[in-house]
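Read top to bottom, the protein sequences are chains R and E.
According to this note's numbering, the stretch in the first sequence is residues 19 to 111, in order.
According to this note's numbering, the stretch in the second sequence is residues 8 to 199, in order.
Everything on this sheet refers to the single structure shown next.
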Amino acid sequence: MQRVPSGTARRSHDHPRRGRTAVAQARLILLIMVNVAQLWILAATVEAALAHRLSALLPLVIASAICFVVTLTLIFWWRPASPHYTSSGYLKQ
Amino acid sequence: MSEKQRTDQVIERVLSDEADVREATAPHQADFPYDRDAEAQVTRREFCNFLGLTSAALFVGATAFAGNAVLQAQREETFAPARIIGAEALKPGTSLNFRYPTARDTAILVRLLDGTYQAFGQKCSHLSCPVYFAREQQRLECPCHEGAFDARTGTVLHGPPPRPLDVVQLELRSNGEIWAVGRNPGSEERLI
Chain R
19 MQRVPSGTAR
29 RSHDHPRRGR
39 TAVAQARLIL
49 LIMVNVAQLW
59 ILAATVEAAL
69 AHRLSALLPL
79 VIASAICFVV
89 TLTLIFWWRP
99 ASPHYTSSGY
109 LKQ
Chain E
8 MSEKQRTDQV
18 IERVLSDEAD
28 VREATAPHQA
38 DFPYDRDAEA
48 QVTRREFCNF
58 LGLTSAALFV
68 GATAFAGNAV
78 LQAQREETFA
88 PARIIGAEAL
98 KPGTSLNFRY
108 PTARDTAILV
118 RLLDGTYQAF
128 GQKCSHLSCP
138 VYFAREQQRL
148 ECPCHEGAFD
158 ARTGTVLHGP
168 PPRPLDVVQL
178 ELRSNGEIWA
188 VGRNPGSEER
198 LI
């Protein structure tokens, strides 16, 4: 693979606008779904805490942590896919 | 006004998405002081960041609730004997609320129809609502989700509570006074 000059890559990435918008929308929807799941987990945690069901608390906290990590991944490490370039900017053969 | 200007106005009115939008009322505008142009300035990145912050807040909230519950359960409680004031005058088939072992721990003393005394923690084992003594049925009931407990043993009769009520140990002293001397959890399930 060969590294493409940044200007060329930018032009190419700007071209398929419709596809990128769809992927960005999908990312937003995923983020909202994770938020809703986390809200449900918080409600279950409150219920378990009030009922003193302590054995259920650790799995719920771990599930919430996983959701948080997924959210961070979607926000910071996710990149839109391109048919011509890899996520790190290399030209696909 | 020229023909071209009139045509432009018509085109603008047709193409604009503001045509069917009502004017905001004054109270609404005071509560939400943003016009439509300002609302449209929320970028996708800002919304993503907002969702990220929401996720962080939900995670911190869940961790805080769980941590607080575990700390409360591990707290070593001391049970100094305490006299239940007014218990001697309690008539059969009635109840009396008191606090034991601390002022934050509400409890309920029940005098059954046969004259014996029973005392329980007042927090329902489902979601900690305070239970009350239902005289007609002679049982303890939770008003939140219609759970019911046996007034003699504190065990669950029906409803969502997962375990019995906490039992307050009583001691009848020689001068007829009722003293609370201990408090046991309804089951060992609450312990880690």
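Cβ atoms here follow ideal geometry from the backbone N, Cα and C, with glycine treated the same way.
Item: List the whole-angstrom C-beta distance separating E:L119 from E:L97, where the pair is believed to meet the contact cut-off of C-beta under 8 angstroms.; Value: Going by Cβ atoms, the distance from E:L119 to E:L97 rounds to 10 angstroms, so no, they are not a contact pair.
Item: Which of the residues in the stretch 53-73 of chain E, read from start to end, lie with their CB under 8 angstroms from any CB of chain R?; Value: F54, C55, N56, L58, G59, T61, S62, A63, L65, F66, G68, A69, T70, F72 and A73
Item: Restricting to Cα atoms, I'd like to know which of E:H35, E:G68, E:D42 and E:D38 is closest to R:L57.; Value: E:G68
Item: Helix, strand or coil: which one does DSSP assign to R:T39?; Value: helix
Item: Just curious, the beta strand (DSSP E) that E:S102 is in, first and last residue?; Value: T101 to R106
Item: Can you check the stretch 99-153 of chain E for any beta strand (DSSP E) of at least 3 residues that lies completely inside it and give the ranges in chain order?; Value: 101-106, 113-118, 124-128, 139-141 and 146-149
Item: R:E79 CB to nearest chain E CB: under 7 angstroms?; Value: Before going on, a small fix: residue 79 of chain R reads as Val here, not Glu. Judged by the 7 angstroms Cβ criterion, R:V79 is in contact with chain E.
Item: Measuring alpha carbon to alpha carbon, tell me which of E:A155, E:V175 and E:T160 ends up nearest E:G166.; Value: E:A155
Item: Using a Cβ-Cβ cut-off of 7 angstroms, state whether E:I199 counts as contacting chain R.; Value: Its pLDDT being 34, under 50, E:I199 is placed unreliably by the model, and the measurement read from it follows with that caveat. Taking Cβ atoms only, chain R reaches closer than 7 angstroms to E:I199, which makes this a yes.
Item: Could you tell me whether any Cβ in chain R is nearer than 7 angstroms to the Cβ of E:L172?; Value: no
Item: So E:Q176 is in the beta strand (DSSP E); what residue range does that whole segment cover?; Value: V174 to L179
Item: Give me the DSSP bridge partner(s) of E:W186.; Value: E:R90 and E:E178
Item: Does the CB of R:L109 have a neighbour CB from chain E at under 7 angstroms?; Value: no
Item: Need the endpoints of the alpha helix (DSSP H) that R:L78 sits in, please.; Value: L75 to L90
Item: Going by other Cβ atoms of all chains shown within 10 Å of its Cβ, with 16 needed for buried, is E:K11 buried or exposed?; Value: exposed
Item: What residues are listed by DSSP as bridge partners for E:V163?; Value: E:F156
Item: By the 10 Å Cβ neighbour count, where 16 or more other Cβ atoms means buried, how is E:A114 classified, buried or exposed?; Value: buried
Item: What are the partner residues of R:N53, as DSSP defines its beta bridges?; Value: According to DSSP, R:N53 bridges with nothing at all.
Item: Just the chain E side, please: which residues come within less than 7 angstroms of R:V16 by C-beta, in chain order?; Value: A question about residue 16 of chain R goes unanswered here, because the residues of chain R that appear run from 19 up to 111.
Item: How would you list, in chain order, the residues of chain E whose beta-carbon sits under 9 angstroms from the beta-carbon of R:T91?; Value: Here the premise fails: no neighbours, minimum Cβ distance about 11 angstroms.
Item: Rounded to the nearest angstrom, what separates E:E150 and E:G122 at their Cα positions?; Value: The displayed chain sequence assigns Pro, not Glu, to residue 150 of chain E. Cα to Cα, E:P150 sits roughly 26 angstroms from E:G122.
Item: Give the residues from the stretch 123-135 of chain E that approach chain R closer than 8 angstroms (Cβ to any Cβ), ordered along the chain.; Value: S132, H133, L134 and S135
Item: According to DSSP, which residues form a beta bridge with E:N191?; Value: E:V174
Item: DSSP on E:P34, reduced to helix/strand/coil?; Value: helix
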